Amino acid sequence: MAAVKRIALALVLALALVAAPLSTAPSAEAVSTIRIQGADRFATAVEVSKWTEGWAAPRGTVYLASGLKFPDALAAAPVVAAEGGHLLLTRPEAVDATTMARIEAIDPATIVIVGSEASISANVATQLEAATDAEVERLGGRDRVETSLLLLERLASQGPVTNVWVASGHTFPDALVAASVAGRDRGAIVLDYHDGTTAGASAWLDRVRGVVQGIPVRIAGGTPSVSAADEAALRGAGPLSVDRYAGSDRFLTAIEINRAFAPTSPSDPTMLVATGENFPDALAGAVHAALRQAPMFLSPGGCQDYRADILRGEALGRGIQTIMGLGSAASLTDPAMSLGPCPVFTSLQASMGAEYGTFAPRWYAGSGSRTIDLGATLPTGIVRMTFADAGHHRAVTLGADGAEDELLVDQPGAYRGTVLFEGKLSPSTRSIRITATGDWTIEVLDVRHAPDFQRSASGDSDAVYLFGASSSEVVAKYSGSDTFVAWELFQQDGVFDGYLVVEMGAGTQRVPIGPGPSILSVYATDDWSLDLQ
């Protein structure tokens with residue numbers, strides 16, 4: 001097999017609509033957990049909207065934002081909460097049937113499309129006008145900064161704006177929790193988005209100067225999110241005050257924001273937990289958290305003991321009785337949602353770890369291009385990656401000699417996926433070179449952290465599974481127009497062999513799959529599914 005290759009499998013499972021209680025952690029026996037999820041990000045927003053009914057206004061305004069891009073929905077969330085409305089997500093070209101049914105059930109007098117026609121097409125407005133009696137409006141500027149300012153202007157037209165949160169317009173995590181806080185007390189989100197030049201920063205400040213004068217300004221996240229130079233410029237723009245709320249990463253930043261603004265003894269002892277690795281589930285959750293006056297925390301998608309311990313301490317210290325997990329188990333696993341303890345590995349995961357090697361998890365976050373030294377040469381493992389911006393990004397492993405080994409990802413657009421690296425081949429993986437223009441996260445794990453493949457799996461990006469069944473056949477479906485590749489990888493006498501399961505554009509194929517134990521790895525950029533026969 002080639003030294004540099006693209007082989008991966010997505011972790012996003014298409015699940016039916018469920019909001020079912022799950023088992024609680026032994027160390028928090030009084031805490032129950034409820035998962036709010038839909039079959040995809042659009043249906044999850046619908047389910048969150050249903051749970052919001054008790055706090056939203058009757059026939060509350062529906063805000064419709066892109067489910068594929070985060071900036072418009074982030075800036076909209078506190079405005080939606082201030083109006084007692086609902087935040088739903090849509091594809092750019094048309095509203096899904098599930099979302100349309102929810103809009104019809106709400107029966108709003110007004111629907112606000114958030115973003116320009118570059119984000120949500122004119123066809124969506126036409127579709128809404130034909131299907132509802134609501135007045136359809138659009139709030140969209142020439143870019144994400146202007147859209148956030150238009151939303152602030154709408155909020156100000158209905159009453160005083162009490163504070164302004166400045167959050168990165170390049171990446172989403174810090175702004176997610178800031179939006180849930182801003183929505184409680186008529187705060188607004190203004191996005192910090194400009195190029196890296198002095199002129200670009202100055203032009204951005206000129207645009208936002210008028211809305212920060214004489215008002216408390218709160219900065220979400222550390223200097224990688226909102227630079228020290230931008231903070232200094234804001235201080236010189238005449239605000240009442242400027243305070244920054246930041247932790248060493250997105251998860252700890254969420255805790256810092258909640259410690260500053262969420263009640264320690266809430267009348268409604270509920271907290272929301274959403275993955276910090278992707279944005280859709282938490283977008284509608286920010287509105288629900290604001291209306292409910294409940295804290296929303298971010299968690300890794302998978303369980304990590306030390307992070308679960310911190311969140312469990314937050315829950316116990318606040319007297320939390322109910323944890324609402326947002327999104328499917330593919331985004332937020334049951335142990336991560338219930339705040340641990342993290343589970344032991346399955347027998348298949350343990351045996352594959354013994355076969356391919358184990359190592360301590362590594363987690364990195366940054367912005368722009370960088371080479372990550374992993375601290376040791378690693379055996380075979382998986383890399384979970386997110387890239388937040390729409391630019392071109394590339395990640396490649398480097399061997400102990402510094403030469404490029406395996407290409408992990410090389411594509412434009414926001415990305416979230418899991419890929420396999422075959423470090424047991426020579427040279428072993430020592431570092432990862434990132435080429436990017438925006439924010440990213442990298443989690444490097446041994447193969448035990450890949451989920452077991454059951455009877456089926458589906459997703460819309462890259463990911464990895466462990467396969468332990470006997471030889472059979474699998475039905476592979478793909479809806480994209482480009483290449484879809486599924487591999488089965490296994491060892492024989494210490495040498496990797498690869499068995500190509502399927503390669504195609506859009507369509508369906510029934511193909512053989514070899515016996516496990518093996519690693520299943522899929523490369524895809526659109527919706528796919530694998531079903532064992």
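Reading the sequence shown from the start, the letters are residues 1 to 533 in UniProt numbering.
Each residue gets a CB set at the ideal place from its N, CA and C atoms; glycine is no exception.
Remember, it's a predicted structure, so these values are computed and weren't measured experimentally.
Checklist entry - What number of angstroms, rounded off, separates the C-alpha of Ser227 from the C-alpha of Ala376? => result Working through the sequence shown from its first residue, we reach residue 227 at position 227. Working through the sequence shown from its first residue, we reach residue 376 at position 376. Distance between the alpha carbons of Ser227 and Ala376: 32 Å.
Item to check | Opposing strand residues paired with Met100 [DSSP bridges] | outcome: Position 100 of the sequence shown, counting from 1, holds the residue named residue 100. According to DSSP, Met100 bridges with nothing at all.
Checklist entry - What does Asp446 pair with, by DSSP beta-bridge criteria? => result The count along the sequence shown starts at 1 and reaches residue 446 at position 446. The partner list for Asp446 (beta bridge, DSSP) reads Gly381.
Checklist entry - Just how far apart, CA to CA, sit Gly505 and Trp528? => result By 1-based counting over the sequence shown, the position of residue 505 is 505. By 1-based counting over the sequence shown, the position of residue 528 is 528. One C-alpha to the other measures close to 11 Å.
Checklist entry - Under a three-way DSSP split, which group does Gln349 fall into? => result Mapped onto the sequence shown, residue 349 falls at position 349. DSSP places Gln349 in helix when its eight states are reduced to three.
Checklist entry - Secondary structure at Lys477, three-state DSSP: helix, strand or coil? => result Position 477 of the sequence shown holds residue 477. If DSSP states are grouped into helix, strand and coil, Lys477 belongs with the strands.
Checklist entry - Mind checking Asp133: buried by the 16 CB within 10 Å criterion, or exposed? => result Taking the first residue of the sequence shown as position 1, residue 133 is located at position 133. By the neighbour-count rule (16 or more Cβ atoms within 10 Å), Asp133 is not buried but exposed.
Checklist entry - According to the neighbour-count rule (16 or more other Cβ atoms, all chains shown, within 10 Å of its Cβ), is Gly302 buried or exposed? => result Here the question's residue 302 lines up with position 302 in the sequence shown. Buried.
Checklist entry - Run through DSSP, which three-state label would His194 get? => result If you number the sequence shown from 1, residue 194 lands on position 194. Here DSSP, grouped into helix, strand and coil, assigns His194 to coil.
Checklist entry - How is the alpha helix (DSSP H) around Arg259 delimited, first residue to last? => result Start at 1 with the first residue of the sequence shown, and residue 259 comes out as number 259. The continuous alpha helix (DSSP H) containing Arg259 extends over residues Arg250 to Phe261.
Item to check | Continuous beta strand (DSSP E) stretch holding Gly518: start and end | outcome: Taking the sequence shown and counting its residues from 1, one reaches residue 518 at position 518. With the sequence shown as reference, residue 518 is identified as Ser, and Gly is not the correct amino acid for it. Element bounds for Ser518: Ser518 to Tyr523.
Checklist entry - In or out: Asp206 buried (at least 16 other Cβ within 10 Å) or exposed? => result Taking the sequence shown and counting its residues from 1, the one referred to as residue 206 is at position 206. Label assigned to Asp206: exposed.
Next on the checklist: Which residue wins for smallest C-alpha separation from Ser180, given the options Arg312, Glu104 and Trp165?
Outcome noted: The sequence position of residue 180 within the sequence shown is 180, counting from 1. The shortest C-alpha separation from Ser180 is found at Trp165.
Checklist entry - Relative to the alpha-carbon of Ser66, which residue among Pro266, Thr198 and Pro280 has its alpha-carbon at the smallest distance? => result For the purposes of this step, residue 66 is taken as residue 66 along the sequence shown, with counting starting at 1. With distances taken between Cα atoms, Ser66 lies closest to Pro280.
Checklist entry - When DSSP labels each residue in this structure, what does Asn123 get in the three-state scheme? => result Locating residue 123 in the sequence shown gives position 123, where the first residue counts as 1. In this structure, Asn123 counts as helix in the three-state DSSP scheme.
Checklist entry - So what does Thr483 bridge to, in DSSP terms? => result Translated into positions along the sequence shown, residue 483 becomes position 483. None; Thr483 has no bridge partner.
Checklist entry - Apart from the five residues on each side of it in sequence, which residues of its chain come closer than 7 Å, Cβ to Cβ, to Thr249? => result Locating residue 249 in the sequence shown gives position 249, where the first residue counts as 1. A quick correction: the sequence has Asp, not Thr, at residue 249. Correct list, in chain order: Ala365.
Item to check | Whole-number beta carbon distance between Val124 and residue 536, since they are thought to touch under 8 Å | outcome: Within the shown structure, residues of the chain are numbered from 1 to 533, placing residue 536 beyond reach of any answer.
Checklist entry - At which residues does the beta strand (DSSP E) containing Glu135 begin and terminate? => result To locate residue 135, count along the sequence shown from 1; it is residue 135. Taken as a continuous stretch (DSSP letters only), the beta strand (DSSP E) holding Glu135 covers Glu135 to Leu139.
Checklist entry - Just curious, the alpha helix (DSSP H) that Trp55 is in, first and last residue? => result Within the sequence shown, numbered from 1, the residue matching residue 55 stands at position 55. Looking at the DSSP string, Trp55 is not in any alpha helix (DSSP H), and its letter there is neither H nor E.
Checklist entry - In the DSSP assignment, what are the bridge partners of Met324? => result On the sequence shown, residue 324 is found 324 positions in, with the first residue counted as 1. DSSP output for Met324 lists Ile34 and Leu272 as bridge partner(s).
Checklist entry - Which residues share a DSSP beta bridge with Gln509? => result Counted from its first residue, the sequence shown places residue 509 at position 509. Its beta-bridge partners are Ala476.
Checklist entry - Of the residues Ala201, Gly247, Val212 and Gln213, which one's Cα is nearest the Cα of Ala220? => result Reading the sequence shown from its first residue, position 220 is the one you call residue 220. It is Gly247.
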